[in-house]
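J.:
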């Protein structure tokens, strides 16, 4: 295989990769648009919702109706054709352009972080098996590594 043929093959491969990346971006955009519609639907449900409980008969009657998207009138659920329906309880996370999962617009409160003092307390009780001093492990022992404190 000559250098020219190799260059042409690499060029073809690069074009295919670019095309696949564009298709992936289009799929992600469509996915995020659908998630936005679902999340807006869920948020309207939560705003209109009160603490009143409904009976199972009322629920069966309501879920038996046809459910469609308020924006595009796409039928999400048709009571006659489907046996099951999956409705998320909270908003779904979006895909970011980098392939990671992005957070929706309304983020929940962050979880409390572990205190640094807890880590140092744990480390103070470690005893080195080489020099029998506390505060480090054998792997980090200055005496064993040949360096002095």
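Residue numbers (this note's numbering): 16 to 164. In this text, a Cβ means the ideal position worked out from N, Cα and C, and glycines have one as well.
Excluding five sequence neighbours on each side, which residues of the same chain lie with their C-beta closer than 7 Å to the C-beta of residue 90?
T.: These residues qualify, in order along the chain: 81, 83.
J.: I need the straight-line Cα distance from residue 43 to residue 150, nearest angstrom please.
T.: Their backbone Cα atoms lie some 49 Å apart in a straight line.
J.: DSSP on residue 83, reduced to helix/strand/coil?
T.: If DSSP states are grouped into helix, strand and coil, residue 83 belongs with the strands.
J.: Using CA coordinates, which residue listed in 85, 79, 76 is at the minimum distance from residue 58?
T.: The shortest C-alpha separation from residue 58 is found at 85.
J.: Specify, as a first and last residue, the run of the beta strand (DSSP E) that residue 162 falls within.
T.: No beta strand (DSSP E) holds residue 162; DSSP gives it neither H nor E.
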